[in-house]
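In the working numbering, the protein residues as written are 19 to 143.
Ideal Cβ positions, reconstructed from N, Cα and C, are used throughout, including at glycine.
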């Protein structure tokens with residue numbers, strides 16, 4: 019990973035963390051999911067914004083209940099950005115992503131996505 023990418027990722031992560039107290043004011047600006055409005059079923063990403071807003075309020079339980087995969091993704095993004103910037107500032111090189119993601123890893127991601135969608139349908143997110 020390049021130093022500039024690590025700094026940008028870290029800056030975006032820190033910016034999101036600093037701005038998170040104002041996230042709750044954005045909840046009223048969310049529009050309803052068009053897919054759910056038309057079909058009655060949650061779309062594969064229903065609950066992502068609400069999970070992010072719950073994390074902004076530091077309500078980890080609600081975020082994981084709303085949409086576990088998105089909550090884990092947001093936490094990983096923020097933590098990874100801060101860690102990458104910190105490593106770069108310390109003179110270390112953050113690890114780069116592999117050029118080829120193994121089939122088993124891709125299959126695990128797709129499975130997690132589908133299981134999470136089924137969870138959303140079952141809980142009526």
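Discussion item. List, from N- to C-terminal side, the alpha helix (DSSP H) runs of 4 residues or more that fit wholly inside the stretch 32 to 73.
Written reply: The stretch 32 to 73 contains these whole alpha helix (DSSP H) runs: 52 to 57.
Practice prompt. Could you give the DSSP three-state label for residue 138: helix, strand or coil?
Written response: Helix at residue 138.
Item to complete: Mind checking which residues open and close the alpha helix (DSSP H) that includes residue 86?
Response: Here the alpha helix (DSSP H) through residue 86 covers 86 to 107.
Worksheet entry | As assigned by DSSP and simplified to three states, the class of residue 83 | Residue 83 falls in the helix class under three-state DSSP.
Item to complete: Give a yes or no on whether the C-beta atoms belonging to residue 88 and residue 123 are separated by under 7 Å.
Response: For residue 88 and residue 123, no; Cβs fall outside 7 Å.
Worksheet item: Rounded to the nearest angstrom, how far is the Cβ of residue 97 from that of residue 74, given a contact under 8 Å?
Response: Not quite, the Cβ-Cβ distance comes to about 15 Å (not below 8 Å), so this is no contact.
Worksheet item: residue 69 and residue 92 look like a contact to me (Cβ under 8 Å); what is the Cβ gap, rounded to whole Å?
Response: Contact flag correct, Cβ pair sits at about 7 Å.
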